[in-house]
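Contents: one structure, followed by commentary.
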Amino acid sequence: MIRWILDEKFVEILWRIKKNLRARRTCGTIAAMPEKTVPIMDYEGSRWREEFWRGREYEDAVERIALNAFLPPRGKRLVEIGAGFGRLADLYRGYEQVILLDYARSMLQDARERLGNDPRFIFVAADLYNLPFADNALDTALTIRVLHHVANIPNAFAEIARAVRPHGTYLTDFANKRHLKALVKYHLRRHDGRGVGAMNPYSLEPYEFVKLNFDYHPQYIRENLRRVAFEIRATRGVSIFRIGALKRLVPTSFLVSLDANLQSPISNLQITPSIFYLTESVKNGDARLNENLWRCVKCHAEKISMNGETMHCGACGAGFFQNEGIWEIKV
Ligand SMILES: [Zn+2]
């Protein structure tokens, strides 16, 4: 039955039932995009908390349910990469050190205003492709609502895999290019003579629907995780009811409870807009956490000495500084 639903024929039947369905996608805004070899989505100066999350209580709630189910409850060090304004920070209460990392300093300022009194939190402005962390320095790493802005998934995964210790956890979600609406839209176009359009949801390559906004095929993400020795331990299909009309008509609490009950059972279908993976690092080596947290982003040495609000690299002499509670650790 499940396999049948996944078959293209199922989508053709849907086409006959509902001819005029229109798939609509929303995406973030690009606040700034520095000239780099790999472009980076930068939310500097954006009013993400106020503007994006208003009306998205359903998405926020169902993502938290998936994270609560997946997150190892305790550990020494956790980093959330692309943590933004710290929306999910309250979920990390079981960790001794919580590093909220983002490319955009202004987002971290927002996070610090709300969380800065808690000494467990460290705020870091840095680049995902060149993390300021030593090898095996993290028990748990997360990228939530981040991969859809990542132009080079293999490099990003390799860098995260380096910093997570053997048997540590990497938890991520991604925007699924073969979600149900995309499948329906694809077959509608095939049948009404408009052609198939730019996006084939069955193909494996990333689909950049707006500059620096990518949807991924689950198999593409799985293969890239496997290449860096992240083994998938559990999957959840999230936000199946992310449909404007439905959200307006049905009470949020009801949609959330339905979503929560469906996340595991429907995960194999791979038709939800968002998919969450819980992975474990199966790379070789000592499973103990590296006591050193930092490494130099210029020369990659771990010879870092700390002095108040200054970080100094003993190998290349580079210095990095904390400014109003936020470490700036970029090349
Ligand atoms: Zn250095």
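In short: position in the sequence shown from 1, add 179, done, that's the working numbering. Glycine included, each C-beta is placed from N, C-alpha and C at the ideal position.
Taking C-beta atoms as the reference points, Phe-264 and Met-286 count as a pair closer than 7 Å.
Counting other Cβ atoms within 10 Å of its Cβ, Gly-254 reaches 16 or more and is therefore classed as buried. Using a C-beta cut-off of 8 Å, the segment 335–353 makes no contact with the segment 283–300, since fewer than three inter-stretch Cβ pairs fall below that distance. Counting along the chain, Gly-498 sits inside the beta strand (DSSP E) bounded by residues 498–502.
Closest by C-alpha distance to Trp-473, out of Arg-266, Ser-484, Arg-415, is Ser-484.
Collapsing the DSSP output to three states places Ala-320 in a strand. For the segment 404–462, the continuous beta strand (DSSP E) assignments of 3+ residues that do not extend past its boundaries occur at 409–417, 453–460, in sequence order. A residue is called buried once 16 or more other Cβ atoms fall within 10 Å of its Cβ, and Val-461, having fewer, is exposed. Boundaries of the alpha helix (DSSP H) harbouring Ser-285: 284–294, taken from the DSSP string. The secondary-structure analysis by DSSP pairs Ile-508 with nothing; it has no beta-bridge partner. Per DSSP, reduced to three states, the secondary structure at Phe-231 is coil, with no helix or strand assignment.
Beta-bridge analysis with DSSP links Asp-371 to no other residue. Here Glu-236 carries a helix assignment [DSSP, helix/strand/coil]. Under the three-pair Cβ rule at 8 Å, the segment 214–223 does not count as touching the segment 239–253.
Put simply, the backbone Cα of Trp-506 is about 36 Å away from that of Arg-421. Straight through space, the alpha carbons of Asn-486 and Glu-387 are spaced by roughly 43 Å. Taking C-beta atoms under 8 Å as the contact rule, Ala-413 and Leu-457 qualify, at a distance of about 4 Å. Contact annotation: Glu-459 and Glu-410 have beta-carbon atoms nearer than 7 Å. Using a Cβ distance threshold of 7 Å, Arg-256 and Asp-318 count as a contacting pair. For Asn-315, no alpha helix (DSSP H) encloses it, and the DSSP letter there is neither H nor E. When DSSP states are grouped into helix, strand and coil, Glu-259 belongs to the strand group. Lys-509 has its Cβ no nearer than 6 Å to any heavy atom of ligand 1. As the crow flies, the alpha-carbon of Glu-275 is around 11 Å from that of Ile-301. The same chain holds no residue with a CB closer than 7 Å to that of Arg-427 once the five nearest residues on each side in sequence are set aside.
Cβ neighbours of Ser-446 within its own chain (closer than 6 Å, five residues either side excluded): Thr-414, Arg-415, Gly-416. A Cβ-Cβ distance of about 6 Å is found for the pair Ser-453 and Ala-354, placing them in contact under the 8 Å criterion.
Taking a C-beta distance under 7 Å as the contact criterion, Lys-356 and Pro-380 qualify as a contact pair. Relative to the Cα of Ala-494, the nearest Cα in the group Glu-503, Glu-481, Asn-502, Glu-488 belongs to Glu-481. Scanning its chain for C-beta atoms nearer than 6 Å, with the 5 sequence neighbours on each side dropped, one finds around Leu-321 the residues Glu-259, Leu-350, in chain order. DSSP, read as helix, strand or coil, puts Phe-249 in helix. Secondary structure of Pro-380 (DSSP, three-state): coil. Bounds of any beta strand (DSSP E) do not take in Ile-219, whose DSSP letter is neither H nor E. Using a cutoff of 6 Å, the CB of Lys-360 does not count as near ligand 1, since none of the ligand's heavy atoms is closer than that.
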